[in-house]
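Have a look at the structure below before the remarks.
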Amino acid sequence: MVSRECPTSKHIPLRTCIATKQVMGIDQLLRCVVRKSAEDAEGGFQVVPDPGRKLPGRGAWITPTVEAWEIAVKRRAFGRALRVSANVDADPVREYIVTLPVTVTSKDEEVTST
44 MVSRECPTSK HIPLRTCIAT KQVMGIDQLL RCVVRKSAED AEGGFQVVPD
94 PGRKLPGRGA WITPTVEAWE IAVKRRAFGR ALRVSANVDA DPVREYIVTL
144 PVTVTSKDEE VTST
């Protein structure tokens, strides 16, 4: 029997960004998980980035840009996606995003060239 799959093509799972609602491969998104905040005596929650996609727990996927982070915070999308009823501190995700190198996609180049 002949296999119809190309041996060089690899399946990339798709996820939806919690901020932009765009469906993209997991290689283009950043996974985030919720942790109990050690600093907060009231038992607050903190959203932390999971770039290795290995941390346990429910994950939320976001486009790794500051703009997407701002939209997610404004819409309270982290708490909803991670199923946390309390307010969550998403600042560690922003701190991680600003350390990432800026990449330009072909879609962005088309927009800037007009």
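So that you can map any letter, position 80 of the sequence shown is 123 in the numbering used here, and since no number is skipped, the others follow by simple counting. The C-beta atom is built at its ideal place from N, Cα and C for all residues, glycine as well. If you're wondering where the values come from, they're calculated on a predicted model, not measured in any experiment.
Residue of the options minimising C-alpha distance to residue i
i, options, result
"Pro106", "His54, Lys97, Val116 and Leu98", "Sequence check: residue 106 is Thr here, not Pro. Comparing Cα positions, the closest option is Val116."
"Leu125", "Arg78, Pro56, Gln65 and Lys53", "Arg78"
"Gly68", "Gly95, Trp104 and Phe88", "Trp104"
"Asp132", "Thr142, Phe88 and Ala111", "Phe88"
According to DSSP, residues forming a beta bridge with residue i
i, result
"Ala115", "In DSSP, Ala115 forms no bridge with anything."
"Thr59", "Val66"
"Lys97", "Answer is none; Lys97 lacks a bridge partner."
"Ile105", "Leu73"
Collapsed DSSP secondary structure at residue i in the structure displayed
i, result
"Arg74", "strand"
"Asp134", "helix"
"Ser52", "coil"
"Ala81", "coil"
"Arg123", "helix"
"Val141", "helix"
Span separating the alpha-carbon of residue i from that of residue j
i, j, result
"Ser128", "Gly102", "15 Å"
"Glu113", "Val66", "18 Å"
"Asp70", "Thr59", "12 Å"
"Tyr139", "Pro92", "7 Å"
"Val109", "Arg137", "7 Å"
"Ile61", "Lys53", "25 Å"
Residue-level contact to chain B via CB, residue i, 9 Å cutoff
i, result
"Tyr139", "Among the chains of the structure shown, chain B does not appear; only one protein chain is present."
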